[in-house]
Every structure is written in structure tokens, then in C-alpha cells.
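Every position in the sequence shown, counted from 1, becomes a number in this note's numbering once 223 is added.
Glycine included, every Cβ here is placed at the ideal spot set by N, Cα and C.
Remember, predicted model here, so these are calculated numbers, not experimental data.
A quick write-up on the structure given underneath.
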Amino acid sequence: MNGPAKNMSADPNYAYCDAIVRQGDPDRWLASLFIPEAKRRHVHALYAFNLEVSRIREIVSEPLLGEIRLQWWRDALEKPDSGDVRSSPVAAALLDTMERFGLPAGALLELIHAREFDLYDDGMESVEALTAYVKATSSTLFRMIPMILDGEQPASGLGVSQYGGIAYALTGLLRAFPWLSARGQMFIPLDILEKHGLDRADVAAGQTTPAILGALSDLRGLARDNLDVFLTRIECLPDVCRAGFLPISLCEAYLRQMEKPGYEPFQTVVQLPQWRRQWILWRAARQWA
């Protein structure tokens, strides 16, 4: 439920969240500029939490240390008033946001559990397993945002969140393919690899082949299938909620970048200039309003 308003601009915890989202998740930060300022800081708190747990592998030297960090976040959500939990600016802002808008800890705990996969080099067994992973991570974030933007209809984004979250996450994993494959992480489902006559060793070799391109094309197709469903459902949401889904408007442009001649999945950096991202977001904000 909504709590009393206060001046968040002077709150160092929310200011910290704003700063790390702007640096570490610029697409979501740019999209958040279309969210009313009074709610934007709370969305940043959610994004900052996501950054904290999603980049754990990058900052630890072994999986066990990553497990310890994930457990710290579990404890923070389950026992928010214990120890020094609120000395973390991200935890303090997130917990305040959860209390104000009634965000369910259970969903965020599922997100943390899913992130355990990131700590290891296990293969993603199937398309079904990949879908479950991105629903627990990306779709969960999009499910929380309508609860912040439209407290009177907290369930209004559930249908849209699932498909939009899957499309956004798959696009992100495809963009990150050069870095993920270089460090031994395998997000291409094994059943897609087998369909194209591949195994993990073929991906680890880092050589672009027609089979590799075919497997990645299948993932783009899966992203687009979910994006198409999302676009048919976004219009069903209350206007006040739609700005929270604007990051998804960037997916199609990124997917097209991967279909241009000369695309080398192990080398090509898939990005768009900021002016174009801003234009896509502005256009989507007008179309979805």
C-alpha cells in the first residue's frame, strides 16, 4: 500500500540507486524518464536490486562466494529489520519501496533463486528451462512495476509482464552472447543446439558457423514470438502502467542489428546510439499512451 510522500531527492539511498542504474542499466534508466518522478525512484530501487544480484558472478572469484551474496539478499528480504541490512543503500531503498507498495517478497526470492544459475557453467537444458529462468528474473521485474505505478490495480500487468519480460531477457542474452560465451556461460538451450547438430564444445570454440547462426536465429524467433504477444496486450493495461514497459520497445531494433550482413555473434557488439534509443522510447511512449 502507498505510504506517506516524502522528498526522495534528498534521500541518499534512492540517489545511489539512480546513479548505479544510470551507469549499469542505461536502457532501463532512459525508459524510466517517462515514469512520473514521484514513482521513478522506486522503480530505480527495483532496478538497482536487479543489478546487484545479476552481476554477482562478475565480482566474485568462485561460486561459493556468489552463493553467500545471494543468501545475504534472501536474509535481507526475509528479515528486513535484522543486523545491518538497511546499511546497504540498495537494500534500504528496496525495502522501503516494498513496504510502500506491498511488493511481494516471494517473487523477489524466486528471482534470487533463479540467479543461482548464473554462478555456474551449467548448460541450459531446454527452451522450457530458459523460459522459466527469464520469467523468474525479467518478467518478475516487469510484474512489480505496475504495482508501483498503479497501486489500485496491482495485478494489472501480470499477463503483459510475462511475455514482455521473456522478450526483453532473450534479447539481452543475445546481445550479451560474446561475453557470456567467452566466460563459459551457456544460455542457448541444449535442445536448440541438438536441433542444429551442435554441442557445447562447438559454442566454446568461438567459431561462427551456419549452425551457430541458425541456433541464434531460433532464439531471436522465440524473442519475437513473445514480443508479438506483448504488443497485442500492452493496450489492455491502464495508461498509468504502460511507461513501466517502455524498455521492451527497444527489443526489435536490437534484434534487427543481429540480422544485418556481417553479424559475427562472437564479436559483434549489438548496440544503438543514445539518440536512437531515446527516439524509439519517445515514439513508443506516444503510441502506447
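_Using the three-state DSSP reduction, which class does Gly467 fall into: helix, strand or coil?_
helix
_Candidates Gln430, Ile415, Lys418: closest to Ala405 by CA position_ = Gln430
*Tell me whether Met481 sits in a helix, a strand or coil according to DSSP, three-state version.*
Note: Met481 maps to coil in three-state DSSP.
*Which one of Pro496, Arg465, Leu478 has the shortest CA to CA distance from Ala508?*
Arg465
*Does the beta-carbon of Cys474 have 16 or more other beta-carbons within 10 angstroms, so that it is buried, or is it exposed?*
buried
*Which term fits Glu482, buried or exposed, when burial requires 16 or more other beta carbons within 10 angstroms of its beta carbon?*
exposed
*According to DSSP, is Gly518 helix, strand or coil?*
This structure gives no information on residue 518, because the portion of the chain shown stretches from 224 to 512.
*Under a Cβ-count criterion, where at least 16 other Cβ atoms within 10 Å of its own Cβ denotes burial, should Pro496 be classed as buried or exposed?*
exposed
*Around the Cβ of Leu300, are there at least 16 other Cβ atoms within 10 angstroms (buried) or fewer (exposed)?*
buried
*Those runs of the alpha helix (DSSP H) which lie wholly inside the region 284 to 326 and span at least 4 residues*: Unbroken alpha helix (DSSP H) runs of no fewer than 4 residues, entirely contained in the region 284 to 326, are found at 286 to 301, 312 to 324, following chain order.
_Quick check on the DSSP output: the alpha helix (DSSP H) that includes Cys240 runs from which residue to which?_
Looking at the DSSP string, the run of the alpha helix (DSSP H) that includes Cys240 is 235 to 247.
*Please say whether Ile471 and Tyr356 have beta carbons closer to each other than 8 Å?*
no
*Less than 8 Å separating the beta-carbons of Tyr386 and Pro312?*
no
*Measure the alpha-carbon distance for Asp341 versus Ala446 and round it to whole angstroms.*
20 Å
*Which residues does DSSP pair with Gly346 in a beta bridge?*
Met409
*Spell out a yes or no on whether the region 267 to 276 and the region 237 to 254 are touching, meaning 3 or more CB-CB pairs, one atom from each, closer than 8 Å.*
yes
*Report the residue from Phe489, Val493, Arg456, Ala476 whose alpha carbon sits nearest the alpha carbon of Trp511.*
Arg456
*Specify, as a first and last residue, the run of the alpha helix (DSSP H) that Glu339 falls within.*
That residue, Glu339, is in no alpha helix (DSSP H); it is neither H nor E in DSSP.
*Simplified DSSP state of Pro488, which is helix, strand or coil*: coil
*How many whole angstroms separate the CB atoms of Leu416 and Ala438, which I take to be in contact at a CB cut-off of 8 Å?*
The Cβ separation is near 6 Å, so the contact holds.
*Compute the Euclidean distance between the alpha carbons of Gly289 and Asp344, then round it to the nearest angstrom.*
13 Å
*Look up Phe365 in the DSSP assignment and say whether it is helix, strand or coil.*
Phe365: helix per DSSP, three-state reduction.
*Nonlocal neighbours in the same chain, by C-beta distance under 8 Å from Arg278, ignoring five residues either side*: If we look at Arg278 and ignore the five residues flanking it on each side, its Cβ neighbours are Gly247.
*Would a C-beta distance cut-off of 8 Å place Asp319 and Pro461 closer than the cut-off?*
Not in contact: Asp319 and Pro461 (Cβ atoms no closer than 8 Å).
_Ile435, DSSP secondary structure in three states_ = The answer is helix: DSSP assigns Ile435 an H, G or I state.
*What are the start and end residues of the alpha helix (DSSP H) that includes Arg278?*
Unbroken run through Arg278: none, as it is neither H nor E.
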